[in-house]
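Participant: In my numbering, each residue carries its 1-based index in the sequence shown increased by 2.
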Amino acid sequence: MFPARMYPNCYKCMFLDFVVHQILPYQSVSVDTFNSKNDVFVAIAQPSMENCMVLEWDHIEMNFRSYDNITGQSIVGCKAILVGDQVFVVVAQLFGGSHIYKYDESWTKFVKFQDIEVSRISKPNDIELFEIDSEMFFVIADSSKAGLSTVYKWNNKGFYSYQSLHEWFRDTDAEFLNIDGKSHLILSSRSQVPIILQWNKVSKKFVPHSEIPNMEDVLAVKSFRMQDNLYLTLTRFIGDSRVMKWNSKQFVEIQALPSRGAMTLQPFSFKNNYYLALGSDYTFSQIYQWDGEKKLFMLFKEIYVQAPRSFTAVSTDRRDFFFASSFKGNTQIFEHIIIDLSL
3 MFPARMYPNC YKCMFLDFVV HQILPYQSVS VDTFNSKNDV FVAIAQPSME
53 NCMVLEWDHI EMNFRSYDNI TGQSIVGCKA ILVGDQVFVV VAQLFGGSHI
103 YKYDESWTKF VKFQDIEVSR ISKPNDIELF EIDSEMFFVI ADSSKAGLST
153 VYKWNNKGFY SYQSLHEWFR DTDAEFLNID GKSHLILSSR SQVPIILQWN
203 KVSKKFVPHS EIPNMEDVLA VKSFRMQDNL YLTLTRFIGD SRVMKWNSKQ
253 FVEIQALPSR GAMTLQPFSF KNNYYLALGS DYTFSQIYQW DGEKKLFMLF
303 KEIYVQAPRS FTAVSTDRRD FFFASSFKGN TQIFEHIIID LSL
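(1) Does DSSP put Gln200 in a helix, a strand or coil?
(2) Mind checking whether Phe324 and Gln257 have CB atoms under 8 Å apart?
(3) Classify Gln229 as buried or exposed, calling it buried when 16 or more other Cβ atoms lie within 10 Å of its own Cβ.
(4) With a 10 Å radius around its C-beta and 16 neighbouring C-beta atoms as the bar for buried, classify Leu199 as buried or exposed.
(5) Please name the residue or residues paired with Arg79 in a DSSP beta bridge.
(6) Rounded to the nearest angstrom, what separates Arg320 and Glu63 at their Cα positions?
(7) Around the Cβ of Phe97, are there at least 16 other Cβ atoms within 10 angstroms (buried) or fewer (exposed)?
(8) Going along the chain, which residues of its own chain have a beta-carbon closer than 7 Å to the beta-carbon of Lys273, five neighbours each way excluded?
(9) If you run the structure through DSSP and keep just helix, strand and coil, what is Asn216?
(10) Can you check DSSP and say which residues form a bridge with Glu255?
(11) Where do the ends of the beta strand (DSSP E) carrying Cys15 lie?
(12) Around the Cβ of Trp109, are there at least 16 other Cβ atoms within 10 angstroms (buried) or fewer (exposed)?
(13) Given Phe4, which residues of its chain have a CB within under 7 Å of its CB, disregarding the five upstream and five downstream residues?
(14) State the DSSP-derived secondary structure class of Trp156, mapped to helix, strand or coil.
(15) Quick check on DSSP: helix, strand or coil for Gln288?
(16) Using CA atoms only, rank isn't needed, just tell me which of Ser76, Asn40, Lys39 is closest to Pro49.
(17) Give me, in chain order, the residues of the same chain whose beta-carbon lies closer than 7 Å to that of Asp70; leave out the 5 immediate sequence neighbours on both sides.
(18) Count the other C-beta atoms from every protein chain shown that fall within 10 angstroms of the C-beta of Gly99, then say buried if there are 16 or more, exposed otherwise.
(19) Locate the beta strand (DSSP E) running through Pro269, then write down its first and last residues.
(20) Going by Cα to Cα distance, which pick from Tyr164, Leu167, Gly241, Glu58 is closest to Asn40?
(21) Have a look at the DSSP bridge pairing and note the partners of Ala143.
(22) In terms of residue numbering, what span does the beta strand (DSSP E) encompassing Gly74 cover?
(23) Mind the definition here: the segment 272-288 touches the segment 203-211 only if three or more C-beta pairs lie below 8 Å; say whether that holds.
(24) Is Leu187 helix, strand or coil when you go by DSSP?
(25) State the Cα-Cα distance for the pair Ala176 and Glu107, rounded to the nearest angstrom.
(26) Taking His101 as part of the beta strand (DSSP E), name the residues at either end of that continuous run.
Below you can see the structure in the form of structure tokens.
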């Protein structure tokens, strides 16, 4: 295990660390966070328990407590969508179709709002929310052999299928990002290199734009910005995962991370400290921190999570947390702390 690291630009006065704050005694595969009426919530997908568990930050007890529970069949994703003062949760299921739930003030719980067509989504693997020209969308990446990744749009009454992206490619992840002022989607796939789709302002649809070469069998793609630069992380189960940077023309590799057994490489940041969390099914998961002088992510700490499937940063009013979902063990909540040694 690696110790805390000295805070950048500070000599012998501050250290950073991640410490276990809370253990949730159940397995999970994904965690999403959202804010509503000044409260912080998380939605946790639990396929083995057939639940989407909604937790709320308790300002008095200083922990995350159960708030509501959405039941289903083999739930693999729970994604919150805020439209005005309305709160929706997209619940992606492997069986029985996927559904959208809406928070009902009178019942103080989530109730079913609408179904998502079973014929369009067979094996959902990721839900990505985005907004273009003040209009709300989400896309579901379909990883089945005959999958049809689909974009859905809010029409003030509900969410309807807006665009089918492509068939037969077993998509593993979707990531929305802004490149040079234009809206794009990146789809990673089991059967081809990641493709980049660009939003056409005339047709108001995504059209093929380019691809990321020499990166077959990518499980997940995530984007982040750091010091006005755009970066990608590409997760691979076999071989090296990659960190790439946009150079005004294309994404170029800046770092390779050995990642045998990895299902997720998640970028996140707290108070100008930038991290990557690399999950592994075979060994310790690793947290890397950006080194501004070396211009690389350096190993910061190792944590043990059984079969990690997602890492999610969650911030309350004064504290920062890091959820580690586990497919085979307990879900863990780490707190990002700054230890001030000058006091």
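For each residue, glycine too, the CB sits at the ideal point set by N, CA and C.
Facilitator: Per the coordinate set shown:
(1) strand
(2) no
(3) exposed
(4) buried
(5) The residue you asked about is not Arg; residue 79 is Gly in the sequence shown. In DSSP, Gly79 forms a bridge with Ala94.
(6) 14 Å
(7) exposed
(8) none
(9) coil
(10) Met246
(11) Where Cys15 is concerned, there is no enclosing beta strand (DSSP E), given that its DSSP letter is neither H nor E.
(12) exposed
(13) Here the model assigns Phe4 a pLDDT of 48, short of 50, so the residue's position is not dependable, and the following value carries that caveat. Same-chain partners within the cutoff: Leu301, Phe302, Lys303, Glu304.
(14) strand
(15) strand
(16) Ser76
(17) Val56, Lys111, Phe112
(18) buried
(19) 266-272
(20) Glu58
(21) Asp128
(22) Segment: none, Gly74 is in no beta strand (DSSP E) and carries neither H nor E.
(23) no
(24) strand
(25) 32 Å
(26) 100-106
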